[in-house]
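Data first, discussion second: the structure below is written as structure tokens.
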Amino acid sequence: MTEPPETPSDPNGEPSPYAQPSPYPQQPYEQQPPQYGPPQYGPPQSGPPYAQQPPPYAPQYAQQPPQYAPQYAQQPPQPYQPYQAPPPAGGWEHLGPPMPPPRRNRRAPLIAAVAAVAVIGGGTASYVALSDSHSSFKGAASPEDAVTSLVSDLNQADLLGVLDHLAPAERTALLEPVTESISQAKRLHILKSSANAARLPGVDLTAKNITFDKSKTEVVNDHVKVVKLTAGTITFNADLRKVPFTDEYLKLAFPQGLPSDSTSNGTINIADVVRDTGEPVRISAQSVNGKWYPSLLYTIADNTVYSSGEDNPTPADYIAPKGAASPEDVVKQAVAALSKGDYTRLIELSSPDEMRVLHDYGGLIVKNIPAQSKPDFTVKDLQLTSRSVSGATRVSLKSITVDVPDHETTVAIDGGCLMVTVDGDHQKLCTIDLIQKLNDGPFRDKPLTPVEIRALGHLIEGIPNVGVDVTSTDGQWYLNPARSYLDLSNALFEPLQDNDFLVLLKLMQR
Amino acid sequence: MSAASTRIVPVLGVAGLVTALIGTFLPWLRSGQVHRNSYTSFGLLRRLIGFHGVAEVLIRAWPLLGMACALVVLVAVAGLLRAAALLALLVGAWSAAIAGGALAHDPVGNVRIDLLGPIVTVIGATTTIAAAILTLISQVRYQTGGTRRDRATGDAERSER
Chain G
30 MTEPPETPSD PNGEPSPYAQ PSPYPQQPYE QQPPQYGPPQ YGPPQSGPPY
80 AQQPPPYAPQ YAQQPPQYAP QYAQQPPQPY QPYQAPPPAG GWEHLGPPMP
130 PPRRNRRAPL IAAVAAVAVI GGGTASYVAL SDSHSSFKGA ASPEDAVTSL
180 VSDLNQADLL GVLDHLAPAE RTALLEPVTE SISQAKRLHI LKSSANAARL
230 PGVDLTAKNI TFDKSKTEVV NDHVKVVKLT AGTITFNADL RKVPFTDEYL
280 KLAFPQGLPS DSTSNGTINI ADVVRDTGEP VRISAQSVNG KWYPSLLYTI
330 ADNTVYSSGE DNPTPADYIA PKGAASPEDV VKQAVAALSK GDYTRLIELS
380 SPDEMRVLHD YGGLIVKNIP AQSKPDFTVK DLQLTSRSVS GATRVSLKSI
430 TVDVPDHETT VAIDGGCLMV TVDGDHQKLC TIDLIQKLND GPFRDKPLTP
480 VEIRALGHLI EGIPNVGVDV TSTDGQWYLN PARSYLDLSN ALFEPLQDND
530 FLVLLKLMQR
Chain F
153 MSAASTRIVP VLGVAGLVTA LIGTFLPWLR SGQVHRNSYT SFGLLRRLIG
203 FHGVAEVLIR AWPLLGMACA LVVLVAVAGL LRAAALLALL VGAWSAAIAG
253 GALAHDPVGN VRIDLLGPIV TVIGATTTIA AAILTLISQV RYQTGGTRRD
303 RATGDAERSE R
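Chains as they are written, first to last, in our numbering: chain G, 30 to 539; chain F, 153 to 313.
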């Protein structure tokens, strides 16, 4: 790399010590002004390309005094005529001794080859790398293939592969909140920094010799099929000691050390289960954009329906998604539907991506809700606020007025205070009021320390953050119940800082 | 630097880049009995858990490492040695940071870091960084020497006049 380049140009502006003066004249003779008196010898100052130059006799001028120069001096001046030497017989190349051929850059082909290899090699490497980085499980051609692929990962104990097999919407809905929870736990010194969602710390799952009966695959509808496992073993090991809790957390949560039953392991023999129940183990696969994925939510729904003795849902059970115009609107409509016991509308408002299973099993769900579970309240007024969170919009409460028989209650959130009005009786509850009540009550003997007050204040700040996660599909807004549920603790603990969680944990043990 | 060492340094640099690149295709992550190279590992982990901040940027651009290595070689053969050395320094630091970061992770459960890929990449990255630094030093020395020579030549010409 330290050798000078063969090419004289240096775009860096670094002077090249190897630059050679050109041996060729820099201008064609026809363009030079007439030279009276002694002619100029030596190389000219600048020059056009070789193509415009006469043959290489110029250096010879520099070596031999020209014979015609004195004649100019002796003869009377003639009108200007550019000098044009007559070409000698046989062409210019015969004038004077033969010139060595212009030096050719012998390394140019080598450089070109190196450059070509670098471009082809680097390009190929990047192409393969990009393909690899996107080489997720992109669905299988059939439900059996999808489950086979999942089983293959289970057989190899490949937990990352298993997680990657989930249907895309399920993967997003489940993993994003869990990932956020783990980040939060690390931030609050509950988990060590090495913890992450993909590693499922403390839980090892391995499957061996899993087989299924292809002939018994059950069709639920055009995009859901149930594959039946008939044999094989699934071994699980759960060990709380392997969860990467921090030492501070373990000392507070388990002051006597981890309980003896903190480990659990076992083996499920599918053949035994089939023999005991008389039915194979059912795993549902979902079709998304023509590809099949094993589905956790459909598997749960199918097994629930199957164990309750119900038949698979029919097309009549399908409840089509029907969203709302804005994030706040979808929550308002959901609250209104809930207050009226309109569960069909609630299912309509559920996300068709995350909760497609609710739409497919909608009829069965509504049919099985007991009639007396109809709520008995009316929402008179509902004010909401929304903000963007990772992959969704979270709608939180500003104020709500609820009518229950003979009573009207309004709850409004005002900064760090809660304004509660019950039948006209107004009460303002702020953090300081709560602390005062705690110090006057349960902590009378040992009042809260400033650190504890601060941690408690942060926790109360988190209450208004709690809300419902909604997402937009085809321009309409829908509820995301699974995601909202998994995000509850994330929202509540968001304002906690540093050791706040551990301080609160210690406070609870007083 | 001697003439021999000036020939060795570029070879060392290219060897470092190639080694680092090969290392990225070797196993980096083992989950159960499945081994994954750096690209499939990062692709999977990005989908499953995501990365944040600087790590996200470095990992998102990771598949372009091959192109970055090619660019270093192209800039070098174009004669822009200082630029090539600086670029090689960046590529070396980038790959060393990613591989070093991977090696720093503890195994959890049956998911653990495969040492082969990250170690080969770290070796390649370190070699590249060393070659880049040697090239930069030689460039600075060369330029300093040239300036002195130029000054001496100028003084001689002035005294002749």
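For each residue, glycine too, the CB sits at the ideal point set by N, CA and C.
Among the options, nearest to residue i - alpha-carbon criterion
| i | options | result |
| --- | --- | --- |
| Gln526/G | Arg483/G, Val317/G, Gly453/G and Ile429/G | Arg483/G |
| Arg161/G | Leu169/F, Gly165/F, His187/F and Arg159/F | Contrary to the premise, residue 161/G reads as Asp rather than Arg in this sequence. Among Leu169/F, Gly165/F, His187/F and Arg159/F, the Cα nearest to that of Asp161/G is on His187/F. |
| Asp268/G | Ser293/G, Trp321/G and Val303/G | Ser293/G |
| Asn509/G | Asp382/G, Val143/G, Phe472/G and Val480/G | Asp382/G |
| Ser316/G | Ala511/G, Glu173/G and Ile263/G | Glu173/G |
| Asp498/G | Ser417/G, Ala314/G, Val386/G and Arg136/G | Ser417/G |
| Thr460/G | His487/G, Pro476/G, Leu393/G and Ala441/G | His487/G |
| Leu413/G | Ile140/G, Glu357/G, Val386/G and Gln465/G | Glu357/G |
| Ser380/G | Ser513/G, Asp251/G and Arg216/G | Ser513/G |
| Phe241/G | Leu517/G, Asp516/G and Ser313/G | Ser313/G |
| Val532/G | Arg473/G, Thr500/G, His455/G and Leu217/G | Leu217/G |
| Ala213/F | Ile140/G, Asn519/G, His163/G and Ala144/G | His163/G |
| Gln445/G | Ser419/G, Ile492/G and Gly168/G | It should be noted that the sequence gives Gly, not Gln, for residue 445/G. Ranking Ser419/G, Ile492/G and Gly168/G by Cα distance to Gly445/G puts Ile492/G first. |
| Thr262/G | Val248/G, Ser171/G, Leu515/G and Leu234/G | Leu234/G |
| Pro215/F | Asp266/F, Ile160/F, Leu286/F and Ser193/F | Ser193/F |
| Tyr550/G | Thr343/G, Pro344/G, Pro404/G and Arg136/G | The structure shown does not extend to residue 550/G, since chain G is modelled only from 30 through 539, so no value can be given for it. |
| Ile211/G | Ile140/G, Asn266/G and Pro273/G | Pro273/G |
| Asn519/G | Asn494/G, Gln538/G and Thr500/G | Asn494/G |
| Leu234/F | Tyr294/F, Trp180/F, Ala251/F and Val274/F | Sequence check: residue 234/F is Arg here, not Leu. Of the listed residues, the one whose Cα sits closest to Arg234/F is Tyr294/F. |
| Gly496/G | Gly504/G, Gln505/G and Ala511/G | Ala511/G |
| Leu196/F | Gly370/G, Phe530/G, Asp193/G and Ala141/G | Asp193/G |
| Glu199/G | Ile140/G, Met384/G and Val180/G | Met384/G |
Within 7 Å, strictly: CB atoms of residue i and residue j
| i | j | result |
| --- | --- | --- |
| Ala284/F | Leu232/F | no |
| Ala349/G | Tyr390/G | no |
| Ala236/G | Ile299/G | no |
| Tyr327/G | Val424/G | no |
| Asp432/G | Leu393/G | no |
| Glu490/G | Leu536/G | no |
| Asn332/G | Arg311/G | yes |
| Tyr191/F | Ala147/G | no |
| Ala154/G | Leu173/F | yes |
| Thr246/G | Val256/G | yes |
| Thr296/G | Thr264/G | yes |
| Ala237/F | Val227/F | no |
| Val206/F | Ala220/F | no |
| Gly184/F | Asp187/G | yes |
| Gly151/G | Ala230/F | no |
| Thr280/F | Gly165/F | yes |
| Ala366/G | Val359/G | no |
| Ile398/G | Leu411/G | no |
| Ile265/F | Ala282/F | no |
| Leu178/F | Gly269/F | yes |
| Val161/F | Thr287/F | yes |
Boundaries of the alpha helix (DSSP H) in which residue i is found, first to last residue
| i | result |
| --- | --- |
| Trp506/G | That residue, Trp506/G, is in no alpha helix (DSSP H); its beta strand (DSSP E) goes Gln505 to Leu508. |
| Pro479/G | Pro479 to Gly491 |
| Glu357/G | Pro356 to Lys369 |
| Glu277/G | Asp276 to Ala282 |
| Asn468/G | Thr460 to Asp469 |
| Leu387/G | Arg385 to Asp389 |
| Cys138/G | Sequence check: residue 138/G is Pro here, not Cys. Counting along the chain, the alpha helix (DSSP H) containing Pro138/G begins and ends at Ala137 to Ser162. |
N-terminal and C-terminal residue of the beta strand (DSSP E) that residue i is part of
| i | result |
| --- | --- |
| Val495/G | Segment: none, Val495/G is in no beta strand (DSSP E) and carries neither H nor E. |
| Asp432/G | Ala421 to Val433 |
| Pro323/G | Lys320 to Pro323 |
| Thr450/G | Cys446 to Val451 |
| Asn250/G | Glu247 to Asn250 |
| Val255/G | Val253 to Asp268 |
| His436/G | His436 to Asp443 |
| Arg317/G | This sequence places Val at residue 317/G; Arg is not what is there. Val310 to Val317 is the extent of the beta strand (DSSP E) around Val317/G. |
| Leu411/G | Thr407 to Val418 |
| Ile348/G | Segment: none, Ile348/G is in no beta strand (DSSP E) and carries neither H nor E. |
| Ile297/G | Thr292 to Asn298 |
Would you be able to state if there are at least three C-beta pairs under 8 Å between the segment 189–208 of chain F and the segment 202–209 of chain G? Yes: at least three Cβ pairs fall under 8 Å.
Are there three or more Cβ pairs, one per stretch, closer than 8 Å when the segment 432–451 of chain G is compared with the segment 465–478 of chain G? No, the segment 432–451 of chain G is not in contact with the segment 465–478 of chain G.
Just list the beta strand (DSSP E) runs in the segment 190–269 of chain F, keeping only unbroken ones of 3 residues or longer that don't cross its boundaries, in chain order. If we require 3 residues or more, the beta strand (DSSP E) runs fully inside the segment 190–269 of chain F come out as 263–265.
Determine, using beta-carbon pairs with one atom in the segment 318–327 of chain G and one in the segment 282–292 of chain G, whether at least three such pairs fall under 8 Å. Counting Cβ pairs under 8 Å, fewer than three are found: no touch.
Contiguous beta strand (DSSP E) assignments of at least 3 residues, all confined to the segment 167–191 of chain F: Those beta strand (DSSP E) runs which fall completely within the segment 167–191 of chain F and span 3+ residues are 179–183 and 186–189.
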